[in-house]
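Each remark here refers to the structure printed beneath this line.
Residue numbers (the working numbering): 20 to 220.
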């Protein structure tokens with residue numbers, strides 16, 4: 020019996036060789052939906068869209084299924100960064116930074132295509148990136164975590180969060196600071212030009 024169990028374990032071992040995909044896929048995020056894992060990342064996709072999507076059943080063999088989002092005609096964004104996807108009630112919400120400000124796109128399928136919502140999530144903030152939607156398993160409430168700049172006290176980029184409305188796109192209530200820089204070793208660059216001034220941030 021021990022030998023049988025050993026053979027069963029060996030049969031489950033999968034081998035892989037890097038790279039798992041020959042294309043460019045930075046800032047990867049993985050979401051499991053049904054029997055598939057979906058990987059989303061920063062980069063231009065082979066089909067001319069943004070954010071390549073890869074799919075795998077075993078987390079080892081990946082196939083390209085398409086780009087998540089067509090480049091926007093308005094506003095014309097230079098940069099598309101760090102996509103993450105959340106699922107709610109059969110809809111899929113792709114959060115991404117466009118020119119260093121958070122946006123969200125929606126799809127009916129994790130493989131896309133995603134449609135941009137047509138608005139900024141935080142129109143009054145000059146900088147908001149690296150968003151992540153989180154559902155509290157006890158209350159069921161969704162929250163949105165992201166990075167933003169602070170210039171009071173010690174300047175720098177820090178982690179903030181806000182409650183999400185049921186539409187998964189609209190921040191509700193005040194933005195709460197989760198964690199921010201508190202020591203010199205956290206300075207990214209001294210005399211850094213930001214927002215028409217110079218900061219140690």
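Heads up, the beta-carbon is just placed ideally off N, CA and C, and yes, glycines get one too. This one's a predicted model, so the numbers in the text were calculated from it and none came from an experiment.
I'd like to confirm the pairing. Which residues does DSSP put opposite residue i in its beta bridges?
i	result
residue 125	112, 134
residue 147	167
residue 49	58
residue 95	Per DSSP, none; premise fails for residue 95.
residue 139	122
residue 117	99, 120
If you check the beta carbons only, do residue i and residue j fall under 9 Å apart?
i	j	result
residue 126	residue 148	no
residue 139	residue 81	no
residue 60	residue 46	yes
residue 145	residue 180	no
residue 163	residue 182	yes
residue 152	residue 103	yes
residue 161	residue 105	yes
In angstroms, rounded to a whole number, what distance separates the CA positions of residue i and residue j?
i	j	result
residue 53	residue 198	34 Å
residue 69	residue 135	12 Å
residue 131	residue 72	9 Å
residue 167	residue 122	14 Å
residue 90	residue 101	15 Å
residue 57	residue 50	5 Å
residue 107	residue 175	33 Å
residue 113	residue 35	28 Å
residue 185	residue 129	19 Å
residue 158	residue 133	28 Å
residue 111	residue 187	10 Å
residue 85	residue 65	8 Å
residue 190	residue 67	31 Å
residue 37	residue 55	20 Å
residue 87	residue 98	15 Å
residue 233	residue 79	Coverage of the chain is limited to positions 20 through 220, which leaves residue 233 absent and any answer about it impossible.
residue 220	residue 169	Unreliable positioning characterises residue 220 in this predicted model, as indicated by a pLDDT of 49, which lies under 50. The coordinate reading is nonetheless provided below. Roughly 9 Å between the two C-alpha positions.
residue 43	residue 83	11 Å
residue 137	residue 194	22 Å
residue 154	residue 109	15 Å
residue 48	residue 93	26 Å
residue 192	residue 142	15 Å
residue 95	residue 150	20 Å
Comparing the C-beta of residue i with each C-beta of chain C, is any distance below 9 Å?
i	result
residue 47	As a matter of chain content, chain C is missing from the structure shown, which is built from one protein chain.
What are the boundary residues of the beta strand (DSSP E) that residue i is part of?
i	result
residue 103	99-107
| query | Could you give the uninterrupted runs of the beta strand (DSSP E) lying entirely in the region 52-91, keeping only those of 3 residues or more? | reply | 55-61, 69-75, 82-88
| Inside the region 156-198 only - beta strand (DSSP E) runs reaching at least 3 residues | 161-169, 175-183, 190-198
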